[in-house]
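S.K.: Dropping a structure here in C-alpha cells format, bear with me for questions.
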Amino acid sequence: MREYLLYVKEEENALRAYITPCFHIDKLFWQERNGQRLYVIGRSPSLALAFALREKIGTFAKRRRLTAKSVLEMQRLAASYVREANKLYVKEGHAGYRYTFRAEPIKRENLPPEAGHERVSEEAKQLASILSGRSLLEEEAEWLLKKRGRFMIPMIWLLQWLVLMNKTEWRPGVGMDIHKHWWQRRLRFICWRCSSRSHLVRTECHSCRQPCVYCSSCLTMGRSKCCTPFICVQAENTGKGCQDSGSLLAWEGEYTPAQEDAARRAGQFAVETGGEAAFLIWAVCGAGKTELLFPAIDGVLRKGGRVLLATPRKDVVLELAPRLQAAFPSVTVRSVYGSSEEKWEEGDLIIATTHQVMRFYRCFPLVVVDEVDAFPFHNNKQLHDAVSRAVAKEGKLLYLSATPPERLRKQLTGSTAVLKPHSATHVLLARRYHGHPLPVPEIKLVPRLMEKVNAGRPVAELISAAGHMLAQDRQVFVFVPRVEDVDTVLDYLQGLLPAYAEKMAGVHAADQGREEKVQRFRRRENMLIVTTTILERGVTIPRSDVIILGADASVFDEASLVQIAGRVGRSADAPDGTVLFLASHRTQALYAAKRQIEQMNRLADKRWAADGKQQKAGRKR
Ligand SMILES: [Zn+2]
Ligand SMILES: [Zn+2]
Numbered sequence: 034m035r036e037y038l039l040y041v042k043e044e045e046n047a048l049r050a051y052i053t054p055c056f057h058i059d060k061l062f063w064q065e066r067n068g069q070r071l072y073v074i075g076r077s078p079s080l081a082l083a084f085a086l087r088e089k090i091g092t093f094a095k096r097r098r099l100t101a102k103s104v105l106e107m108q109r110l111a112a113s114y115v116r117e118a119n120k121l122y123v124k125e126g127h128a129g130y131r132y133t134f135r136a137e138p139i140k141r142e143n144l145p146p147e148a149g150h151e152r153v154s155e156e157a158k159q160l161a162s163i164l165s166g167r168s169l170l171e172e173e174a175e176w177l178l179k180k181r182g183r184f185m186i187p188m189i190w191l192l193q194w195l196v197l198m199n200k201t202e203w204r205p206g207v208g209m210d211i212h213k214h215w216w217q218r219r220l221r222f223i224c225w226r227c228s229s230r231s232h233l234v235r236t237e238c239h240s241c242r243q244p245c246v247y248c249s250s251c252l253t254m255g256r257s258k259c260c261t262p263f264i265c266v267q268a269e270n271t272g273k274g275c276q277d278s279g280s281l282l283a284w285e286g287e288y289t290p291a292q293e294d295a296a297r298r299a300g301q302f303a304v305e306t307g308g309e310a311a312f313l314i315w316a317v318c319g320a321g322k323t324e325l326l327f328p329a330i331d332g333v334l335r336k337g338g339r340v341l342l343a344t345p346r347k348d349v350v351l352e353l354a355p356r357l358q359a360a361f362p363s364v365t366v367r368s369v370y371g372s373s374e375e376k377w378e379e380g381d382l383i384i385a386t387t388h389q390v391m392r393f394y395r396c397f398p399l400v401v402v403d404e405v406d407a408f409p410f411h412n413n414k415q416l417h418d419a420v421s422r423a424v425a426k427e428g429k430l431l432y433l434s435a436t437p438p439e440r441l442r443k444q445l446t447g448s449t450a451v452l453k454p455h456s457a458t459h460v461l462l463a464r465r466y467h468g469h470p471l472p473v474p475e476i477k478l479v480p481r482l483m484e485k486v487n488a489g490r491p492v493a494e495l496i497s498a499a500g501h502m503l504a505q506d507r508q509v510f511v512f513v514p515r516v517e518d519v520d521t522v523l524d525y526l527q528g529l530l531p532a533y534a535e536k537m538a539g540v541h542a543a544d545q546g547r548e549e550k551v552q553r554f555r556r557r558e559n560m561l562i563v564t565t566t567i568l569e570r571g572v573t574i575p576r577s578d579v580i581i582l583g584a585d586a587s588v589f590d591e592a593s594l595v596q597i598a599g600r601v602g603r604s605a606d607a608p609d610g611t612v613l614f615l616a617s618h619r620t621q622a623l624y625a626a627k628r629q630i631e632q633m634n635r636l637a638d639k640r641w642a643a644d645g646k647q648q649k650a651g652r653k654r
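Quick note on the working numbering: the sequence shown kicks off at 34 and runs consecutively.
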C-alpha cells in the first residue's frame, strides 16, 4: 500500500509543507537546487488526509522557522487533526485514518540505482508531453502511458517531479477537510474532478483500507475517490506566440449578410489577445449555427492552438465530426464520447460530449460550448467548472445557443430590457438562414384541457387543428408533458381522427423502438408523432407543424417552448408552418416564449431593412 509523506522545507523566512509518494524524488530534486533542510512531519496511506494535513500545517508554518519547538508544534497539530477527523468519521467497527510520525521511510523506496537526476528529469519530460493538457485519475493516466511510452521509473514518482517543477498539479480525487461551523464540526468532502459536494458516498475501500469516499456524480467516468490521485498536467503548447500558417478552412459555402457579420464578430473575439473571456452567439433555431464557428476555429488553429467543441449529445458529435473534417481537411479532428475509439487520441479539433470535457486541463485557447441551455449543461455548475478548466490560460469561451439561459443572457448581452443586436460579448442572429421569419406560436386556452383529453371528450381546438394539418399533407409533432400522456393522447387522436390512425405513433425517452419510430417519421411513413420533450431538439422535418398539448405544464419553460416552436419552417422550400400552444391556464412561460419569438422577428426585420439600405447606398456609389 502506498503511503504519503508530509514534510516541511525551509525556504526564505518561512516553512512550506509538501506531500510526496516518494521522498527520494523530493530529496533528489531539492539537492540540485537550494540544498535541503527538509523535515518529515508524518505519513499516512490516506491521500485525502495527507492533503488536509498539508493545508493545516502549511497555514501554521508560514512565518515560522525550522526549530525543535516548531516541529513539535506541527506534530501535535497533525495528531490532533487526525484524532478529530477520526472522531467525526464515526462508523461502527471502522479503524479510522492511519497516521504515523515515523520520520524516515520504513521500507526502502526501490528507486533504480541509475535513476539519478538526469534520468528522472528526462523521463518526467516525456511523461509531461504524453499527459500534456489532461486532467485524469491515476488509473486513466497509467493506462494512457502504457499505450504511449516505456518508463523505467514509476509514473507517480515522475509526476511528483513535475509537481515540484510546478508543471503538474495533483490532488486526491475526493478531498476532505474538517468544516467548522459555529455550533458544530463535520467532515466535508468534495470531488476535485467534477467539483460536486453532494453525491459523495462513504465506502469500505479495498485499495486504501482507510476511511474513503467516492463520488457518484461522475461515476460514469470512472471512480474518483479519496485515495486516487487526480492529476492535472499543464499543456505544453497552447498556440501562443506561434506563427500564423494561413487559413485552413476549405469551406466554400456562402453566408447571408447577417451570418457573415456574426461569424466575423465571433472570429475576432476568438483570436484577439486579451479582451473579453466569453462570448455568446445567440442564433435562433434554424439559423445555421455550425458554419458561424468557422472563422473562430480557423483563427485559433492557424496559430497552432487546439479547439474543443463540447456538445450535449453523442449523435451531435457524430454529425458534426465529418462536417468539420470536411471544412478543415488538413487538421486532425477527433470525436470524443464515452464509447469512442478515438477518446485518447491527440487532435487539433476535439468534438466531445459534455462529460468528456472533464478530462482536459487548460489546453484549449478556444472552447466552444454548443447548446449551453440543454441537458446536461443547464444549471449544472460542475460541468461549467469542467469547461472552465479545459480553457487554456487567457483562453476564450464561446457559447452557442438558440435559447441562452437567463444567467448567460444577463452576463453577456447586458441586462437592459431592450435586446441589443450585438456587443463586445455577444451577437444575435435573429433570422433563419433562408431569410424567413420564425413562425409565431398561437396560444389557445381550453379550460380543463387535459381532463377532457383523459376522459376522451373531443377538444375541438385540438382535433380541428390536427385534422387540418394532416389534410394538408403536413407532418405533425404533438408534444405532451409527461410520459404517461403519450399513449393516452395517441389513443385519443387515433379514435377521433380514424382516417389517419394507421399513420400515428407515440415515442418517449425509455421507448425501446424510439429510433425506429423517429426514422419512420423522417421517411413520412408516420404523419403524426406524439412525443415528450425528447424531440425538443435535433429532429428536423420539412413541412411539419407543432402542437403542444398542456403547454402550461412546468416542463415547458420559456426555452423549451421556443425550441419546440423552432422545429417548424426550417427548410427553405417550406419556411412557414403552424405552432399551436394549447393550455388550460395562462403561464408566464407561454407568453414569454411568444414574446421572445416576436422580438427576434422584429430585430431581424430592422436588420433586414438596414442591410437593404446599405446595399442600395453601395450601388449608388
Ligand atoms: Zn465527481
Ligand atoms: Zn480508498
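Where a beta carbon is used, it is the ideal one built from N, C-alpha and C, also for glycine.
Since I believe Arg442 is in contact with Ala637 (beta carbons under 8 angstroms), could you give me their beta-carbon distance rounded to a whole number of angstroms?
M.R.: Not really, about 18 angstroms apart at Cβ, beyond 8 angstroms.
S.K.: Fully enclosed by the segment 436 to 502, which alpha helix (DSSP H) runs are 4 residues long or longer?
M.R.: If we require 4 residues or more, the alpha helix (DSSP H) runs fully inside the segment 436 to 502 come out as 439 to 446 and 482 to 487.
S.K.: May I ask whether a heavy atom of ligand 1 can be found less than 8 angstroms away from the beta carbon of Gln415?
M.R.: Checking every heavy atom of ligand 1 against the Cβ of Gln415, one is found closer than 8 angstroms.
S.K.: Please determine, among Glu404, Val317 and Cys265, the residue with the shortest C-alpha to C-alpha distance to Glu173.
M.R.: Here the closest residue by C-alpha is Cys265.
S.K.: Could you tell me if the beta carbon of Ser168 falls within a distance shorter than 8 angstroms of some heavy atom in ligand 1?
M.R.: No - ligand 1 has no heavy atom lying nearer than 8 angstroms to the Cβ of Ser168.
S.K.: For Trp216, does the count of other Cβ atoms within 10 angstroms reach 16, so buried, or fall short, so exposed?
M.R.: Label assigned to Trp216: exposed.
S.K.: Closest to Gln64 by C-alpha separation, out of Val551, Met107 and His150, would be which residue?
M.R.: Comparing Cα positions, the closest option is His150.
S.K.: Under 9 angstroms, do Gln267 and Ser165 count as touching if we go by C-beta distance?
M.R.: Yes, these two residues count as a Cβ contact at 9 angstroms.
S.K.: Measuring CB atoms only, is the segment 395 to 415 touching the segment 425 to 443, in the sense that at least three cross pairs come out at less than 8 angstroms?
M.R.: Touching, per the Cβ criterion.
S.K.: Taking 8 angstroms as the cut-off, is the C-beta of Ser229 nearer than that to any heavy atom in ligand 1?
M.R.: Correct: Ser229 has its Cβ closer than 8 angstroms to ligand 1.
S.K.: I'd like the span of the alpha helix (DSSP H) that includes Thr92, first residue to last.
M.R.: Segment Leu80 to Ala94, the alpha helix (DSSP H) holding Thr92.
S.K.: Apart from the five residues just before and just after Gly308, which ones in its own chain have a Cβ nearer than 8 angstroms to its Cβ?
M.R.: For Gly308, where only same-chain residues beyond five positions count, the Cβ hits under 8 angstroms are Phe302 and Ala457.
S.K.: Which residue's Cα is closest to the Cα of Phe312: Thr573, Leu461 and Gln292?
M.R.: Nearest C-alpha to Phe312: Leu461.
S.K.: Please go through the segment 570 to 596 and give each complete beta strand (DSSP E) segment of 3 or more residues, from N-terminal end onward.
M.R.: DSSP runs (the beta strand (DSSP E)) wholly in the segment 570 to 596: 577 to 582.
S.K.: Express the C-alpha separation of Leu357 and Phe56 in angstroms, rounding to a whole number.
M.R.: Those two C-alpha atoms are separated by around 48 angstroms.
S.K.: Check each residue's C-beta against every heavy atom of ligand 2 and list, in chain order, those closer than 7 angstroms.
M.R.: For ligand 2, the selected residues are Cys238, Ser240, Cys241, Gln243, Cys245, Lys258, Cys259 and Cys260.
S.K.: Mind checking whether Leu615 and Gly571 have CB atoms under 9 angstroms apart?
M.R.: For Leu615 and Gly571, no; Cβs fall outside 9 angstroms.
S.K.: Output the residue ranges of the alpha helix (DSSP H) runs that lie fully inside the segment 152 to 183 and measure 4 residues or longer, sorted by chain position.
M.R.: DSSP runs (the alpha helix (DSSP H)) wholly in the segment 152 to 183: 171 to 181.
S.K.: Taking Cys396 as the reference, give the member of Pro472, Glu324, Ala419 and Thr386 with the closest Cα.
M.R.: Of Pro472, Glu324, Ala419 and Thr386, the residue nearest in Cα terms is Ala419.
S.K.: Could you give the DSSP three-state label for Ile139: helix, strand or coil?
M.R.: Its pLDDT being 44, under 50, Ile139 is placed unreliably by the model, and the measurement read from it follows with that caveat. In the structure shown, Ile139 sits in coil (DSSP, three-state: anything other than H, G, I, E or B).
S.K.: Measuring straight from C-alpha to C-alpha, what distance separates Gly255 and Thr261?
M.R.: About 11 angstroms.
S.K.: When you measure from the CB of Cys248 to every non-hydrogen atom of ligand 1, does any distance come out below 8 angstroms?
M.R.: Checking the Cβ of Cys248 against ligand 1 gives yes.
S.K.: To the nearest angstrom, how far is the alpha carbon of Tyr288 from that of Glu324?
M.R.: Computed Cα separation, rounded: 8 angstroms.
S.K.: Where do the ends of the alpha helix (DSSP H) carrying Ile264 lie?
M.R.: Segment Pro262 to Val266 is the beta strand (DSSP E) holding Ile264; no alpha helix (DSSP H) there.
S.K.: When you compare only the Cα positions, how much space is there between Pro608 and Cys259?
M.R.: Using only the alpha carbons, I get a separation of about 56 angstroms.
S.K.: Measure the Cβ-Cβ separation of Ile383 and Leu342 and say whether it is below 9 angstroms.
M.R.: Yes.
S.K.: In or out: Lys322 buried (at least 16 other Cβ within 10 Å) or exposed?
M.R.: Classification for Lys322: buried.
S.K.: With DSSP collapsed to three states, give me the class of Glu379.
M.R.: Correct three-state label for Glu379: coil.
S.K.: Buried or exposed for Ile476, going by 16 or more other Cβ atoms inside 10 Å?
M.R.: Buried, by the Cβ-count rule.
S.K.: Where DSSP assigns a beta bridge to Arg367, which residues make up the other side?
M.R.: Bridge partners of Arg367: Ile383.
S.K.: What are the boundary residues of the beta strand (DSSP E) that includes Ser434?
M.R.: First-last of the beta strand (DSSP E) with Ser434: Val424 to Ser434.
S.K.: Counting C-beta neighbours from all protein chains within 10 Å, is the total for Ser363 16 or more, i.e. buried, or is it exposed?
M.R.: Ser363 should be labelled exposed.
S.K.: Under three-state DSSP, which class holds Lys536?
M.R.: Correct three-state label for Lys536: helix.
S.K.: Under three-state DSSP, which class holds Trp203?
M.R.: Trp203: strand per DSSP, three-state reduction.
S.K.: Note down, in chain order, each residue of its chain lying with its Cβ closer than 6 angstroms to the Cβ of Arg230, except the 5 sequence neighbours on either side.
M.R.: The residues are Ile223.
S.K.: Would you check if the distance between the CB atom of Pro474 and the CB atom of Ala626 is smaller than 9 angstroms?
M.R.: Yes, Cβ-Cβ distance for Pro474 and Ala626 is below 9 angstroms.
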